[in-house]
Every structure is written in C-alpha cells, then in structure tokens.
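Visitor: In the numbering used here, the protein residues as written are 9 to 892. Think of the CB as a built atom: it goes at the ideal place given N, C-alpha and C, for glycine as much as any other residue. These figures come from a predicted structure and were not determined experimentally. Pasting in a structure now, in structure tokens, and then I'll have a few things to ask.
So this is what it looks like as structure tokens:
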C-alpha cells in the first residue's frame with residue numbers, strides 16, 4: 009500500500025537537551041529493551057533421572073504497544089530519578105513514510121497497488137484479487153469499505169470481448185456472401201464447416217506453443233475466418249461448375265480437385281511462407297508479429313488440409329446433380345431469395361462477359377498497361393512517403409493520467425491544495441467517473457516529490473461513453489487539459505496511458521538528455537529547458553515537459569571539522585543527530601497484526617520547520633558534555649537538484665512529449681530528433697527511452713521484412729511450379745495491394761503503424777492467392793493447346809466468380825474491424841483499414857493486370873529455346889535426357 013505501519017517516536021529536542029540525552033541514547037535504549045528473546049526450556053534433555061516435567065520459559069522481549077515503548081528506560085538521574093522514553097518523545101502507531109498521501113474521489117483512502125509476476129495471466133490474477141477482497145471485506149470493521157476503480161485488466165477483458173463479437177460478425181457476413189454466390193444451403197454449408205474445424209485446430213496449436221488468447225491472436229482469427237473459407241469456396245465453386253456441365257457430384261468433385269487442387273496447395277504454401285521472415289524479428293515488434301503470424305499460418309494450413317480432404321468429401325455427399333428435386337430447405341430458400349438470385353446471376357453473367365472483353369482489349373494493349381503499372385508503382389512509393397509513420401496506436405483504455413508539478417520547494421500541503429483543484433475541475437467533465445489521487449508522487453518518473461501530484465482519471469464504462477462522441481477518451485483528455493490550463497499554482501498536464509502496459513508510465517514519447525562531458529547540472533537544466541522551448545514551438549507537439557529540476561531551494565551545512573575535533577565531537581555523532589532529528593532513523597522492529605514493522609525515530613514536526621530548528625539541536629562530545637550544533641556548522645541557503653536521474657551511467661533529464669492529434673509518434677520523434685541535433689550543445693547527447701526506444705529499435709522493420717516476405721513467397725511458388733519465371737506473373741501484383749492499403753490508411757487519416765504493416769504482410773499472401781487462381785488455370789489451358797491470350801481470357805472468365813466470391817467473403821469478414829468501436833477499437837481499425845482497402849484494391853487491379861502479366865511472361869518464354877519454355881517435363885522426357 010501507499011503506507012505501512014511503524015512505531016513512530018517523535019522526539020522533542022528541547023526535552024532531550026534538558027535531560028542531557030542524544031539520539032544515540034534513545035536508539036541504544038530501544039535496541040536494548042525491544043528485543044526478540046528465546047528464553048529457553050526447563051526440564052529438557054539431558055536431565056537427571058526422575059525429571060517428570062518440561063516447561064517452556066517465556067518473557068516479554070519485543071514490545072507491541074505505544075504504552076510499552078513509552079516505558080522504555082533511558083537513564084537514571086543524578087538524584088535517582090528515572091527518565092523514560094515518554095518523557096522526551098511522543099510515541100504513536102503511525103506510518104513509516106508520510107511523503108505520499110492517497111485519495112479516492114477527493115476523500116482520504118489507502119491505495120493498494122498490485123502488480124502481477126512475470127508470466128502470470130493478468131486477467132486471472134485480477135479475478136483472484138477481486139475474490140480475495142470480497143472475502144476480506146466480510147471481516148472489515150464497521151465504516152470501512154473498499155472499491156476497485158482502477159483496473160487495467162478491465163480494458164483487456166472488454167477489448168477481447170469486443171474482438172469476439174467482431175469474430176461472430178465476421179462469420180455472419182462471410183455466410184451471407186457465400187450464400188449469395190453459391191445460392192444453395194448445401195454448398196454454403198461446406199465452406200462454413202471449415203471455420204470451426206480450423207479454429208479448433210488453431211486453438212490446439214496455440215496451446216502447445218504457450219500462446220494466450222489475446223488481442224493479437226484474436227485479430228489473426230478474425231482474418232483467418234475469410235482465409236479458411238476461401239480454400240473451401242474454391243473447391244465448392246469448381247464442383248458446382250462441373251455439376252452445371254452435367255457431371256455427377258462425385259465425378260464433378262474428382263475433376264474439380266484435378267483442376268484446383270494445385271491452386272489450393274499453392275495458396276496454402278504462399279499464405280504460410282509469407283510469415284516465415286516475421287519469426288526473426290526481435291523485440292516487441294517481433295512479439296506482435298509472431299502471435300499474429302502463428303495464428304494465421306496454422307489456420308491456413310488446417311484449412312488447406314480441410315479443403316483437400318473434408319470439403320471434397322462433403323461436396324460429393326451433399327451436393328445434388330443438376331436437375332435433381334429440391335429439398336424443403338432449398339425450396340424455402342428459393343421462395344424467399346430466388347428472385348434475388350436470378351437477378352444476381354443475370355447481372356453477374358453480363359458483368360463476366362464485359363470483363364472478359366475488357367481483358368481481351370487490355371491484352372492487345374499490354375505495353376500501355378505496363379506503363380500504367382509503372383505509374384502505379386510510383387504512386388505507391390509516394391503514398392508511403394506521404395503517410396506518417398507510427399508504432400502502436402494510442403488507445404482509449406478507460407483512464408487518463410493527470411500530472412502536476414509545483415514550484416521547487418513546495419510543501420506537501422501546497423501540493424494537496426493543487427490536487428483538490430485538479431479533482432474539482434476533472435470530476436465535472438462528462439465521462440470522468442472516478443479520480444485516484446496521489447500527493448507527493450510523480451507518475452512520470454515514479455519518484456516521491458513533495459511538489460508533485462498524480463491523478464488517475466478513471467472514465468465511465470465504454471458502453472456508456474460509446475453513444476456520445478464527446479465522451480471519447482481523447483476528447484475528454486483535451487477538455488481536461490483545457491481546464492487544467494487555468495491553474496496558477498503549478499503546471500498541470502494530462503497524458504494518455506502507455507499503449508503497452510509495463511513499457512513506460514504514460515503515452516507519447518520520452519527521451520533522456522544526457523550530460524556526457526560533466527558540464528554540470530545547471531547546464532543540463534538549461535539545455536533541457538531550451539530544447540523543450542523549441543519543441544513546444546512546433547505545430548505538431550501538444551505537450552513537452554520535464555520533471556528534472558536542478559535549482560530546488562536547499563540548505564548547505566558547512567561543518568567546521570577542526571572545531572568539532574577540538575571539542576571532542578565525533579563527525580558520525582553530528583551526522584547521526586541530523587539524520588535522526590531531521591530525517592528518520594530506523595531503530596529495529598516490532599510485531600503487529602502478525603507482521604513485522606519498523607520502529608523509527610524523528611523530531612516532532614515543530615522542530616523541523618526552518619533553519620533555526622537546526623541550531624536548536626545538541627549532541628554529546630567525548631567529555632559527556634552537550635554541544636549545540638550551531639557552534640559546529642554554518643548554514644547557507646543554496647540551490648540544487650532534488651533528485652538526479654542517470655540513464656546509461658550519464659546524469660540525465662527526461663523530456664516527455666505528446667504529439668498533436670493527427671501527428672504521428674514517428675513524426676514527433678523525427679521532429680524532436682532534428683531539434684535536439686540542432687540545439688543541444690556538444691557536451692550533451694540524448695537517447696530515446698520507454699516506448700519511443702522500442703519504436704526506434706523497430707525502425708522501419710517493414711522496409712526489410714516486407715521484401716523478405718515477398719522473396720519467400722516467390723521461392724515457394726518457384727518450388728511449386730518448378731519455374732523461376734511463372735511465379736513472376738503472380739508476384740507482380742503484390743505492389744498493388746500496398747497502394748490500395750496505404751491509400752485507405754491515408755483517406756482515414758491514420759498512420760503507418762505496426763498493425764498496418766502486419767496487414768500488409770497478410771495482403772502479400774492474399775494478393776498472390778487471386779493471381780494463382782488465374783495463372784494456374786491459364787497455364788492449364790495453354791497446356792491444353794490454347795493460345796496464351798485466349799488462355800488468359802478463358803482463365804479470367806472461369807475464375808472471376810471464385811475470385812470475387814473469396815475476395816468479398818474475406819473483405820466482409822474484415823469489415824467489422826474497419827468500423828470497430830469500443831475498447832481496443834484503435835488497433836482493430838488500423839489493421840482492418842489496411843487489410844480491407846488493400847484486399848479490395850488488389851482484387852480490382854489483380855483481375856485486370858494479372859492476365860497481362862501472364863501473357864507478357866509467356867510471350868517472353870516463347871522466344872527462348874524450347875527446352876526452357878516448359879518448366880515441367882514428363883518423367884519419360886527426363887529419362888531420355890539422362891540416357892542421352
């Protein structure tokens with residue numbers, strides 16, 4: 009808790025001097041008379057024969073109550089009088105430390121701060137703590153209550169619950185899309201069965217790897233909904249197509265697997281291979297990528313196995329031959345939606361014919377198409393240069409952090425007055441539910457300062473605030489900050505919580521200005537203040553603030569060591585007297601409530617108010633004479649730091665900053681970095697810390713991870729097709745998903761953060777998926793004798809339906825992420841926006857550009873020697889070659 013019990017001995021220096029006592033006398037007496045004693049036993053072995061009784065011997069050793077401590081004997085007077093501790097001190101059961109006071113909603117309280125151990129489950133720990141408090145509350149004395157108003161796991165639970173709702177919405181939307189395209193309940197059931205099969209298998213693998221069910225793994229499952237359905241949709245659509253041409257369900261299934269089996273396998277390989285490079289990312293970025301990647305990769309592999317085994321079996325069993333009598337469900341579905349299906353099929357047929365004609369014209373203008381493609385590549389590069397770079401989106405986590413710093417030397421009482429004003433202003437803001445306040449504690453650096461105030465503003469539950477945009481966490485932050493600006497006693501600021509609990513004390517960015525050449529603390533203060541002034545003058549920075557102060561008022565005690573030696577006063581006696589009276593000296597321990605607490609001595613508060621209090625203190629010399637400290641020291645008023653922080657061994661000053669809305673953390677860091685390089689003197693350097701350090705270490709990981717992902721996909725396709733050139737027709741479409749994704753991010757005013765980059769990696773595999781469906785079938789048509797352009801057109805005509813069906817199914821599965829609200833919605837929106845816009849864009853570009861890429865590459869291959877045209881050879885050809 010904020011305070012622990014202590015037996016406080018408040019000494020009266022005047023009474024101590026009158027009785028010729030020093031603090032050492034008091035400490036020695038307490039240590040001698042407050043001891044833990046094991047008195048022994050009577051009758052224990054070895055004993056004489058005939059001993060029949062054994063007794064334990066007990067006595068009062070360690071004292072318990074203030075009354076017992078008051079009766080500690082300090083000395084015998086010259087005339088036989090006895091001096092007790094109660095004669096020179098006030099003894100009470102108090103607190104070990106009075107430097108911090110805690111409040112709840114403006115009322116005195118005792119704060120219990122609970123941290124989980126490394127590796128513990130935060131949510132489960134919070135539940136156990138809540139259950140323990142409910143049990144303890146049954147034994148509370150009358151009038152004592154407890155409240156858990158600040159619980160970081162509430163956000164975790166609510167955000168996970170929101171993602172689960174998103175997961176359910178994704179399944180429903182995917183179901184609707186599948187039904188619209190397949191139009192029979194039997195065909196719709198087959199791909200939907202893949203969802204629970206894949207999810208259950210994924211949960212099992214996650215358990216093996218020790219992954220928990222968190223936001224990242226759930227995000228992966230939301231995206232996996234569309235992916236696992238895709239493979240089964242490809243199979244079912246191919247079977248349906250063959251049934252329409254008169255084949256029985258079994259024959260249609262067998263032929264369909266011959267046609268699309270390779271494509272399904274290639275898609276699974278691509279979607280798994282794309283995540284391999286992410287396994288080598290270190291730091292917090294790697295943690296984000298790995299959990300996400302494992303979830304999708306496992307779900308994809310299980311889905312592929314399902315599509316190659318269970319889906320064909322179900323298709324052969326459930327699907328009906330063409331012209332077969334419809335069952336009751338089919339007739340009911342036809343009665344309700346038949347008119348819509350007929351209109352949809354008519355429109356889709358016309359669109360397919362128009363699309364095939366457009367592809368045919370584009371194949372004749374391949375050169376122009378490639379020039380347009382180059383222009384789109386340029387736009388992609390410009391898009392990534394335009395969109396600001398971020399790291400982890402700031403989130404409305406249900407609480408804010410209010411911080412105040414008063415002028416140097418301000419007492420705890422002045423800080424408490426500031427706290428009361430902050431509570432009064434913040435509590436009246438709509439959306440603020442509770443305030444948890446600490447006077448004397450600085451939440452930015454975690455140190456105790458008499459001139460600091462920290463207030464946690466606990467917001468109303470999300471379900472109450474989501475209805476009113478004015479009660480969004482960031483809107484509330486701006487309003488509270490506006491009100492705090494009216495405070496005159498000190499500077500009060502409001503910070504969002506850190507995006508990742510445990511990394512930093514507040515959101516925004518933080519750097520440490522370091523004195524690397526011993527320029528001195530005043531120079532460090534001046535350099536830090538100058539940099540803060542330059543930073544605050546920039547339009548993209550909302551707040552820049554430092555807790556470092558090098559000019560706090562202080563008293564310097566210049567001890568005349570020669571005089572002390574002359575008078576026979578040991579230096580340690582002087583230092584001990586000062587510490588015991590003005591600070592607090594630990595003596596020993598006492599037992600209370602089955603626990604061990606400290607005994608501490610200190611001067612009464614009336615003797616610790618100003619410099620004159622020091623002159624009233626006495627110590628004893630070697631001749632047993634009382635010597636006033638005023639004869640041994642000179643008191644000088646000076647200035648100096650209250651606390652000096654060191655970062656990587658250098659004296660340092662912190663700068664905490666928050667960017668303006670619409671200004672990313674990456675932009676704020678780049679701006680601050682430029683200002684530091686331009687304005688810091690040569691004696692000083694700087695280093696990022698907390699979340700800003702993690703962002704710097706991550707760097708532009710996408711700059712090298714993304715090309716590696718593309719390379720792994722290319723190598724996987726090259727192995728699958730036994731060709732170095734054919735995969736190029738698939739890979740060339742990948743930049744278009746980047747263009748579409750970054751365009752969507754730009755239009756929504758977001759930044760290119762880690763969730764956007766994860767979405768881009770997913771899009772690499774999905775972009776290749778659509779291209780594989782076209783290229784695979786086009787290659788089969790060429791092998792059957794069709795000319796390359798006709799083969800491409802025919803592949804586009806026959807594969808348009810599965811491409812659009814799988815793309816729309818995936819997009820609808822992602823749509824709940826795009827429009828997410830509530831806890832953690834900032835992360836879901838970042839991921840959903842990138843993936844949704846990227847998928848729509850790459851689908852549009854892919855159905856037109858992929859056939860052109862295929863045709864051009866096949867044309868280039870045709871100009872090469874015949875031995876290099878076909879990437880595959882029949883076994884007998886290989887045998888003839890070896891024999892020759």
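1. Indicate whether residue 553 and residue 533 have their beta-carbon atoms separated by less than 9 Å.
2. Just to confirm before moving on: does the CB-CB distance between residue 243 and residue 198 stay below 9 Å?
3. Return the first residue and the last residue of the beta strand (DSSP E) that residue 646 is part of.
4. How would you label residue 189, buried or exposed, when you count the other beta carbons within 10 angstroms and need 16 or more for buried?
5. Can you find a C-beta in chain C that's less than 9 Å from the C-beta of residue 693?
6. Looking only at its own chain, which residues have a Cβ that is under 7 Å from the Cβ of residue 894, when we skip the five neighbours before and after it?
7. Give the C-beta separation of residue 590 and residue 611 to the nearest angstrom, bearing in mind that I take them to be a contact with Cβ-Cβ under 8 Å.
8. Give the range of the alpha helix (DSSP H) segment to which residue 696 is assigned.
9. Please look up how many angstroms separate the CB atoms of residue 83 and residue 19, rounded, as I've assumed it's under 8 Å.
10. Compare the C-alpha of residue 125 against each of 493, 510, 62 and name the closest.
11. Go ahead and label residue 419 buried or exposed: buried means 16 or more other beta carbons lie within 10 angstroms of its beta carbon, across all protein chains shown.
12. Look up residue 102 in the DSSP assignment and give the residues it is bridged to.
13. Assuming contact is defined by CB atoms lying nearer than 9 Å, are residue 770 and residue 742 in contact in what I supplied?
14. Give the DSSP bridge partners of residue 549, in chain order.
15. Distance check for residue 546 and residue 566, CA to CA, integer angstroms please.
16. Can you say whether residue 59 is buried or exposed, counting buried as having 16 or more other CB atoms within 10 angstroms of its CB?
17. Taking only three categories from DSSP, how would you classify residue 831?
18. Confirm, please, whether the CB-CB distance from residue 812 to residue 785 is below 9 Å.
19. Residue 440 and residue 486: beta carbons closer than 9 Å?
20. Can you give, in chain order, each stretch of the alpha helix (DSSP H) that sits fully within the stretch 339-413 and has at least 4 residues?
21. To the nearest angstrom, report how far apart residue 277 and residue 725 are at their CA atoms.
22. Hey, how far is the Cα of residue 280 from the Cα of residue 772?
23. Identify every run of the beta strand (DSSP E) within the stretch 94-143, keeping only runs that are complete inside it and at least 3 residues long; order them along the chain.
24. Residue range of the beta strand (DSSP E) that residue 217 falls in?
25. Please list, in chain order, all residues of the same chain as residue 619 whose beta carbon is under 7 Å from its beta carbon, the five residues on each side excluded.
26. Only counting the same chain, and skipping five residues up and downstream in sequence, which positions put a Cβ closer than 6 Å to that of residue 760?
27. Distance, Cα to Cα, residue 797 vs residue 548?
28. Expressed to the nearest angstrom, what Euclidean distance is found between the alpha-carbon atoms of residue 88 and residue 559?
29. Out of 674, 581, 604, 661, which has the shortest C-alpha to C-alpha gap to residue 630?
30. Verify whether the separation of the beta carbon atoms of residue 663 and residue 782 is less than 9 Å.
31. Secondary structure at residue 882, three-state DSSP: helix, strand or coil?
32. Beta carbon of residue 292, beta carbon of residue 228: below 9 Å?
33. Within a Cβ cutoff of 8 Å, which residues of the same chain sit near residue 235, ignoring the five residues on either side of it in sequence?
34. Are there 16 or more other CB atoms within 10 angstroms of the CB of residue 123, so buried, or fewer, so exposed?
35. In chain order, what are the residue ranges of uninterrupted alpha helix (DSSP H) at least 4 long that sit wholly in the stretch 136-203?
36. Spatial neighbours of residue 513 within its chain, please: C-beta separation below 8 Å, excluding the five flanking residues on both sides.
Guide: Working from what's here:
1. Residue 533 sits away from residue 553, with the two beta carbons spaced by 9 Å or more.
2. Contact: yes.
3. For residue 646, the enclosing beta strand (DSSP E) stretches over residues 641-648.
4. With 16 or more other Cβ atoms inside 10 Å of its own Cβ, residue 189 counts as buried.
5. No chain C appears in the structure shown, which is made up of a single protein chain.
6. The displayed coordinates of the chain run from 9 to 892. Any statement about residue 894 would go beyond what the structure contains.
7. Sure, about 7 Å apart at Cβ, within 8 Å.
8. Counting along the chain, residue 696 falls outside any alpha helix (DSSP H), though it belongs to the beta strand (DSSP E) covering 692-697.
9. Cβ atoms of residue 83 and residue 19 stay farther apart than 8 Å, at about 15 Å.
10. Here the closest residue by C-alpha is 510.
11. Classification for residue 419: exposed.
12. 14.
13. Residue 770 places its beta carbon 9 Å or farther from that of residue 742.
14. Looking at the DSSP output, residue 549 bridges to 667.
15. Taking the CA atoms as reference points, residue 566 sits about 46 Å from residue 546.
16. By the neighbour-count rule (16 or more Cβ atoms within 10 Å), residue 59 is not buried but exposed.
17. Note: residue 831 maps to coil in three-state DSSP.
18. Going by C-beta atoms, residue 785 is not nearer than 9 Å to residue 812.
19. Not closer than 9 Å, so no.
20. For the stretch 339-413, whole alpha helix (DSSP H) runs of length 4 or above, ordered along the chain, are 374-394.
21. Here the alpha carbons of residue 725 and residue 277 stand approximately 8 Å from one another.
22. Near 11 Å, if we compare the C-alpha coordinates of residue 772 and residue 280.
23. Correct list: 97-103, 109-112.
24. Per DSSP, residue 217 belongs to no beta strand (DSSP E) and is neither H nor E.
25. Same-chain partners within the cutoff: 563, 643.
26. Setting aside the 5 residues that flank it on each side, residue 760 is surrounded in the same chain by 395, 397, each with a C-beta closer than 6 Å to its C-beta; the list follows chain order.
27. Approximately 53 Å, taken between the alpha carbons.
28. Distance between the alpha carbons of residue 88 and residue 559 is about 53 Å.
29. When only C-alpha atoms are compared, the closest one is 581.
30. It is not a contact, given that the beta carbons lie outside the stated cut-off.
31. Because the pLDDT of residue 882 is 42, which lies under 50, any placement of that residue in the model is unreliable, and the question is left without a value.
32. At least 9 Å separates the beta-carbon of residue 292 from that of residue 228.
33. Within the same chain, residue 235 has close Cβ partners 279, 304, 307, 308, 311, 774, 818.
34. Result: exposed.
35. Qualifying alpha helix (DSSP H) stretches, in chain order: 160-190.
36. In the same chain as residue 513, and ignoring 5 residues on each side of it, the C-beta atoms closer than 8 Å to its own belong to 409, 451, 452, 453, 454, 506, 698, in chain order.
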